[in-house]
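Everything below concerns the one structure shown next.
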Amino acid sequence: MTVAVLASLGLILGIVGVIVVVVLYFIGIYNGLVRARNETKNAWSQIDVQLKRRHDLIPNLVETVKGYAKHEAETLEAVISARNAAVSAEGPKAAGAAEGMLSAALGKLFALSEAYPDLKANTNFLALQEELTSTENKIGFARQAYNDAATTYNNKREVFPANLISGGFEEAELFEIEAPAEREVPKVEF
Numbered sequence: 000m001t002v003a004v005l006a007s008l009g010l011i012l013g014i015v016g017v018i019v020v021v022v023l024y025f026i027g028i029y030n031g032l033v034r035a036r037n038e039t040k041n042a043w044s045q046i047d048v049q050l051k052r053r054h055d056l057i058p059n060l061v062e063t064v065k066g067y068a069k070h071e072a073e074t075l076e077a078v079i080s081a082r083n084a085a086v087s088a089e090g091p092k093a094a095g096a097a098e099g100m101l102s103a104a105l106g107k108l109f110a111l112s113e114a115y116p117d118l119k120a121n122t123n124f125l126a127l128q129e130e131l132t133s134t135e136n137k138i139g140f141a142r143q144a145y146n147d148a149a150t151t152y153n154n155k156r157e158v159f160p161a162n163l164i165s166g167g168f169e170e171a172e173l174f175e176i177e178a179p180a181e182r183e184v185p186k187v188e189f
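Note that numbering that gives the first Met the number 0 has the sequence shown beginning at 0, numbered continuously upward.
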């Protein structure tokens with residue numbers, strides 16, 4: 000072979016090699032976007048599991064309170080209504096708003112226990128209240144994990160050069176607090 004043919008062959012192999020590297024690079028970016036999107040979906044499902052647990056506890060709590068606070072139907076109905084809205088909410092934004100309303104309604108329900116000493120001392124009520132508090136903590140951690148995963152995913156899809164191929168990847172919504180009451184710092188009084 001002549002030197003010109005070898006040089007041409009080397010140039011062609013070099014161009015093919017660069018093309019292969021670029022294609023593999025973009026395949027890696029695409030696969031990273033898919034992994035990040037799936038991690039975000041998994042994080043949302045973890046929130047969903049905890050919210051279902053919360054929603055399942057509320058009817059038992061309401062039934063326990065009903066026996067002691069027969070004159071508080073409005074508060075109990077508000078809790079059930081907020082629970083039903085939260086159960087049917089879809090997506091982080093709608094769920095955030097519905098869960099905020101549910102938290103406010105539950106706050107009123109727990110305030111009732113102060114007016115009914117027998118209710119406050121009831122073991123079922125105390126156990127359900129403790130279970131709900133534990134679930135609230137788990138929901139908080141799951142929200143944080145979801146927002147972290149969603150932020151990582153959104154960053155991956157928006158930075159260059161991933162933004163060149165991320166057109167089919169929708170932005171993940173963050174789970175945000177909609178109710179102003181949930182943003183307030185709790186008062187501690189002795």
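No residue lacks a Cβ here, since even glycine has one placed at the ideal position from N, Cα and C.
- Here residue 128 is buried, its C-beta having at least 16 other C-beta atoms within 10 Å.
- For residue 175, the closest of 156, 165 and 146 by C-alpha to C-alpha distance is 146.
- A straight line joining the alpha-carbon of residue 5 with that of residue 15 spans about 15 Å.
- Residue 168: not part of any alpha helix (DSSP H); DSSP gives it neither H nor E.
- Residue 89 carries a coil assignment under DSSP once its states are collapsed to helix, strand and coil.
- The three-state secondary structure of residue 160, taken from DSSP, is coil.
- The beta carbon of residue 168 lies closer than 7 Å to those of 32, 36 and 156 in the same chain, with the five residues before and after it left out.
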